[in-house]
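Trainee: Take this structure first; my questions come after.
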Amino acid sequence: MSLITFPDSLETGQPADTLRWAAQQFGVDGLVVTASFEDAVLVHVAATAVPGIEIVLLDTQYLFAETKWLVDQLTKTLDLNLRVVNPLPNVQPDNLWQSDMEG
23 MSLITFPDSL ETGQPADTLR WAAQQFGVDG LVVTASFEDA VLVHVAATAV
73 PGIEIVLLDT QYLFAETKWL VDQLTKTLDL NLRVVNPLPN VQPDNLWQSD
123 MEG
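When we follow this note's numbering, the leftmost residue of the sequence shown carries the number 23, and every step to the right adds one.
So, in structure tokens, the structure goes:
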């Protein structure tokens with residue numbers, strides 16, 4: 023396994039520069055960005071810097087309707103390569119988040 027040499031410009035460059043560099047090094051198929059869509063800036067930067075980059079959303083079964091709407095809108099607007107990872111069929115949502123602050 024060879025070591026990867028990072029250019030000094032990544033330390034002072036813009037996030038889009040880092041993503042483009044990674045795409046050149048590893049190819050678009052070698053990159054994945056996970057996003058909660060709480061803030062769509064990362065999704066926008068990734069999708070415009072590296073068209074076709076895979077964007078992954080974890081469906082926790084607690085996504086707000088507004089979040090789902092935003093995901094749909096951005097998928098259409100930015101032509102996102104979006105993959106939604108859903109829980110296994112036997113996983114049912116619960117309300118432990120209301121009482122189990124440690125879990």
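Note that beta-carbon positions come from the ideal geometry of N, C-alpha and C, so glycine has one too.
These numbers come from a predicted model, not from an experiment.
1. Using DSSP with H/G/I as helix, E/B as strand and the rest coil, what is L79?
2. Quick one: using the 10 Å Cβ neighbour count with 16 as the cut-off for buried, is V106 buried or exposed?
3. Would you call the CB atoms of N103 and D81 closer than 9 Å?
4. Please report the distance separating the alpha-carbon of I77 from that of L110.
5. Go ahead and label A69 buried or exposed: buried means 16 or more other beta carbons lie within 10 angstroms of its beta carbon, across all protein chains shown.
6. With the cut-off set at 9 Å, would you say F59 and L79 are in Cβ contact?
7. Thinking C-alpha only, which one of T34, D61 and L41 is nearest V54?
8. At what residue ranges does the region 32–96 contain a whole run of the beta strand (DSSP E), taking only runs of 3 or more?
9. Hey, out of A38, Q46, D39 and T34, whose CA is closest to I26's CA?
Mentor: This is what the structure gives:
1. strand
2. exposed
3. no
4. 20 Å
5. buried
6. yes
7. L41
8. 54–56 and 76–80
9. Q46
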